[in-house]
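So the structure is just underneath, and the comments pick up after that.
Here it is, written out as structure tokens:
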């Protein structure tokens, strides 16, 4: 019996998804070797690039060819390679660089995903199985990985923060970025609102680097830097408390501890602003929903945590003494969930 052509095509599509890890590893290798940076000043031969990167020239040429197939660079008639605007996203000095995230996702993040089946079977963190550490505590023992992860989060946050700074009224407000890492969200808010001031609240290893970055951007004069544990307490005195991609890192029990600590700090006129991916009630076969699914499964395998629907966020907020007032989607794929104390 002949196999129908549509079945063959479906199997080809399945194989494309199954083997799509080659794209991740190609971009990881390109970022790790600084190829976009090396091509910033103009086209170069693969031999020249191999010498600059200390790699095997014929093998590097094959990597560059793969990059061409992904649109990261082009091979010119002369045989030299040039970086494309898409490839520039892997350059260190690109305004919207994702270089650090490419390196993180292709190494530590990639290893974590090998434990997805374990997480599905147990509901536990696959990353904890690999590292022996729950949550983010493994970063405290690996400064290099902590720096890579935090810089990667800067890159991811920047793409969201630009939209949040445009979509919410922060004018004249004192804004606290709770668990904000290096403070990219707060920096974007302050840059867009010259009459606003800010407080960055996070662990000491993040605060020290944030001070340097805020000073370099001319924002230190309007900023305060505080360290602490948001499971225990959050500083008072802000008009808006922003938590970007914080609650999705934790199960309901731990998330409630954070929100209740915030509730103790938030005065009646102040507002809580959660900035999260908000799941639809049912996922469909669309690129947007695939991003939701990827993020939700990553929360599972990395942290035994989850993305949530609007109803689930509303329930958490109510249980911690807040009322969800408004949910505003942004063009970044994230939603701003504004809550008031009750």
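In our numbering, the protein residues as written are 198 to 539. Think of the CB as a built atom: it goes at the ideal place given N, C-alpha and C, for glycine as much as any other residue. On a predicted model such as this, the values are computed, not experimentally measured, just so you know.
Which of helix, strand or coil DSSP assigns to residue i
i	result
residue 210	helix
residue 479	coil
residue 301	helix
residue 251	coil
residue 446	helix
residue 256	helix
residue 292	coil
residue 425	coil
residue 394	strand
residue 437	strand
residue 234	helix
residue 473	strand
residue 324	helix
residue 492	helix
residue 368	coil
residue 319	helix
residue 506	strand
residue 406	helix
residue 419	helix
residue 414	coil
residue 338	helix
residue 266	helix
residue 379	coil
residue 357	helix
residue 229	helix
residue 312	coil
Whole-angstrom C-beta distance between residue j and residue i, which should lie under 8 Å
i	j	result
residue 320	residue 501	6 Å
residue 270	residue 375	So it is not a contact: roughly 40 Å between Cβ atoms.
residue 519	residue 469	6 Å
residue 381	residue 295	Actually they do not touch by this definition, with Cβ atoms about 13 Å apart.
residue 325	residue 287	Between residue 287 and residue 325 the Cβ distance is about 30 Å, and since that is not below 8 Å, they are no contact.
residue 499	residue 309	5 Å
residue 361	residue 436	So it is not a contact: roughly 15 Å between Cβ atoms.
CA-to-CA distance, residue j to residue i, given in whole angstroms
i	j	result
residue 257	residue 221	16 Å
residue 387	residue 483	35 Å
residue 239	residue 279	6 Å
residue 336	residue 208	40 Å
residue 348	residue 200	50 Å
residue 323	residue 401	26 Å
residue 473	residue 231	31 Å
residue 392	residue 432	21 Å
residue 479	residue 493	13 Å
residue 458	residue 202	59 Å
residue 390	residue 252	46 Å
residue 495	residue 275	43 Å
residue 513	residue 526	19 Å
residue 305	residue 426	25 Å
residue 255	residue 379	40 Å
residue 423	residue 404	7 Å
residue 363	residue 237	31 Å
residue 409	residue 331	29 Å
residue 460	residue 485	32 Å
residue 277	residue 217	27 Å
Residue i classed as buried or exposed, judged by whether at least 16 other C-beta atoms fall within 10 angstroms
i	result
residue 398	buried
residue 173	The question about residue 173 has no answer, for the chain in this structure spans 198 to 539.
residue 434	exposed
residue 273	exposed
residue 491	exposed
residue 377	buried
residue 481	exposed
residue 283	exposed
residue 517	buried
residue 418	exposed
residue 383	buried
residue 450	exposed
residue 171	Because the chain here runs from 198 to 539, residue 171 falls outside it and cannot be looked at.
residue 215	exposed
residue 241	buried
residue 224	buried
According to DSSP, residues forming a beta bridge with residue i
i	result
residue 525	533
residue 279	271
residue 201	Per DSSP, none; premise fails for residue 201.
residue 538	519
residue 352	For residue 352, which the question treats as bridged, DSSP gives no partner whatsoever.
residue 399	424
residue 373	396 and 438
residue 241	278
residue 468	437
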